[in-house]
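Enquirer: Take a look at the following structure, please.
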Amino acid sequence: METESIFAGIVSGLFFGLFFRKIFTSTYKRLGEKQLKQIVIILDEDEELIKEAGANHFKGKEAVGGKLALTNKRLVFKSHKLNLQNHEQSFSISSSRCAFRVDYTDIQYQKHVKS
Numbered sequence: 001m002e003t004e005s006i007f008a009g010i011v012s013g014l015f016f017g018l019f020f021r022k023i024f025t026s027t028y029k030r031l032g033e034k035q036l037k038q039i040v041i042i043l044d045e046d047e048e049l050i051k052e053a054g055a056n057h058f059k060g061k062e063a064v065g066g067k068l069a070l071t072n073k074r075l076v077f078k079s080h081k082l083n084l085q086n087h088e089q090s091f092s093i094s095s096s097r098c099a100f101r102v103d104y105t106d107i108q109y110q111k112h113v114k115s
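In UniProt numbering, the protein residues as written are 1 to 115.
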């Protein structure tokens with residue numbers, strides 16, 4: 001009888017864990033996609049969008065969620081409204097202090113500071 005109770009507990013726990021994971025991940029994904037659609041990055045007249053995606057920008061201890069956009073002129077991050085620290089930050093590509101590496105799936109930014 002005790003063995004049956006332990007087995008039932010393990011099965012119930014596994015079932016609940018898998019069910020909760022499915023519900024949580026699908027809900028979280030839908031909410032994230034909705035937030036990204038609401039973020040609009042305004043481009044200049046002669047500016048072309050190359051790629052945009054969801055991203056985090058660390059300001060102090062907070063990972064500020066938002067959208068990262070790469071254009072032919074700059075790299076722009078704009079936060080979504082659910083953050084405590086809402087902001088937009090832009091880095092010019094033409095700056096000699098910045099280096100970019102772009103591949104098909106990833107945008108990486110590295111700031112070089114001259115001493």
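Heads up, the beta-carbon is just placed ideally off N, CA and C, and yes, glycines get one too.
With a 10 Å radius around its C-beta and 16 neighbouring C-beta atoms as the bar for buried, classify Thr25 as buried or exposed.
Expert: So Thr25 ends up on the exposed side.
Enquirer: Under 8 Å, do Phe77 and Gly65 count as touching if we go by C-beta distance?
Expert: Cβ atoms of Phe77 and Gly65: not closer than 8 Å.
Enquirer: To which residues of the same chain is Glu88 closer than 6 Å at the C-beta, ignoring the five residues directly before and after it?
Expert: Once the five neighbours on either side are set aside, the close Cβ partners of Glu88 are Lys78.
Enquirer: Have a look at residue 116 and Ile39 and give me their C-alpha separation to the nearest angstrom.
Expert: With the chain covering 1 to 115 only, the question about residue 116 has no answer from this structure.
Enquirer: Per DSSP, what are the beta-bridge partners of Asn56 in this structure?
Expert: According to DSSP, Asn56 bridges with Gly65.
Enquirer: Suppose the cutoff is 7 Å on Cβ atoms and the five residues either side in sequence are ignored; what does the same chain contact list for Asn86 look like?
Expert: Contacts found: Ser79.
Enquirer: Taking the alpha helix (DSSP H) that Ser94 belongs to, which residues open and close that run?
Expert: No alpha helix (DSSP H) contains Ser94, which DSSP labels as neither H nor E.
Enquirer: If contacts are defined as beta-carbon pairs under 8 Å, then Leu36 and Gly54 qualify, I think. What distance do you get, rounded to the angstrom?
Expert: Sure, about 5 Å apart at Cβ, within 8 Å.
Enquirer: Just verifying my parser: in three-state terms, what is the DSSP assignment at Tyr104?
Expert: The predicted model places Tyr104 with a pLDDT of 45, which falls under 50 and marks its position as unreliable; any figure quoted below should be read in that light. Looking at Tyr104 - three-state DSSP - the assignment turns out to be coil, as it is neither helix nor strand.
Enquirer: Could you check which residue in Phe7, Gly60, Leu18, Asp46 has the C-alpha nearest to that of Phe84?
Expert: The identity of residue 84 in the sequence shown is Leu, whereas the question assumes Phe. For the residues Phe7, Gly60, Leu18, Asp46, the minimum Cα distance to Leu84 belongs to Gly60.
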